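K.L.:
Mind having a look at this structure? Questions to follow.
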Amino acid sequence: MAKPRELRRRIKSVQSTRKITKTMELVATSKLKRAQDRVIAARPYAAALAEVIADLYAPELAERFPLLRRPAGTARRVALVVVTANRGLCGAFNANLIREARRRIEQVEAEGATVDLHLIGKKGITY
């Protein structure tokens, strides 16, 4: 059986670990709340961005602006932009992006076009 002094030391160690864990939980909760607030605040911007992107190519604009017209043949070169994270801890996000990019590259090359790959983010670049 352990000595009383040893038991007190272990109890104190467990209590100290509990305090540290509780503090870490509070910090994580605070960061999560802040991140959720940022996501909610960014929703109007995301909606506006989606609208702008949808308006970038409209058939009626192609009639007025010749540079927006699609060429008659198929594309010989395709630019693929892959935006990955700079750090980890994002689950399968980076792996899914890279897998989808590889699938898309194979599809475009099967159609006879060449792919210009543009990578953004450390994880994508190092892959």
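Residue numbers (the working numbering): 556 to 682. We put the beta carbon where it would ideally sit given N, CA and C, even for glycine. Fair warning: this is a prediction, and the values are worked out from it, not measured in the lab.
Any idea if GLY667 is buried or exposed, counting beta-carbon neighbours within 10 angstroms, 16 or more meaning buried?
P.N.:
For the purposes of this step, residue 667 is identified with residue 112 of the sequence shown, where counting begins at 1. The residue in question, GLY667, is exposed, as its Cβ has fewer than 16 Cβ neighbours within 10 Å.
K.L.:
When DSSP labels each residue in this structure, what does LEU674 get in the three-state scheme?
P.N.:
As a working mapping, residue 674 is identified with position 119 in the sequence shown. In the structure shown, LEU674 sits in a strand (DSSP, three-state: E or B).
K.L.:
Is LYS588 close to chain D? Criterion is C-beta to C-beta, closer than 8 angstroms.
P.N.:
Structure shown: chain D not included; a single protein chain is present.
K.L.:
Evaluate the contact criterion for the region 638-655 versus the region 596-616: three or more CB pairs, one atom per stretch, below 8 angstroms.
P.N.:
At 8 angstroms Cβ cutoff, the stretches do not touch.
K.L.:
Terminal residues of the continuous alpha helix (DSSP H) containing ALA656?
P.N.:
What you label residue 656 is simply residue 101 of the sequence shown in a count that begins at 1. Looking at the DSSP string, the run of the alpha helix (DSSP H) that includes ALA656 is 648-665.
K.L.:
Only counting the same chain, and skipping five residues up and downstream in sequence, which positions put a Cβ closer than 6 angstroms to that of ALA630?
P.N.:
Within the sequence shown, residue 630 is the residue found at index 75, counting from 1. Closer than 6 angstroms at Cβ, skipping near neighbours: ALA668.
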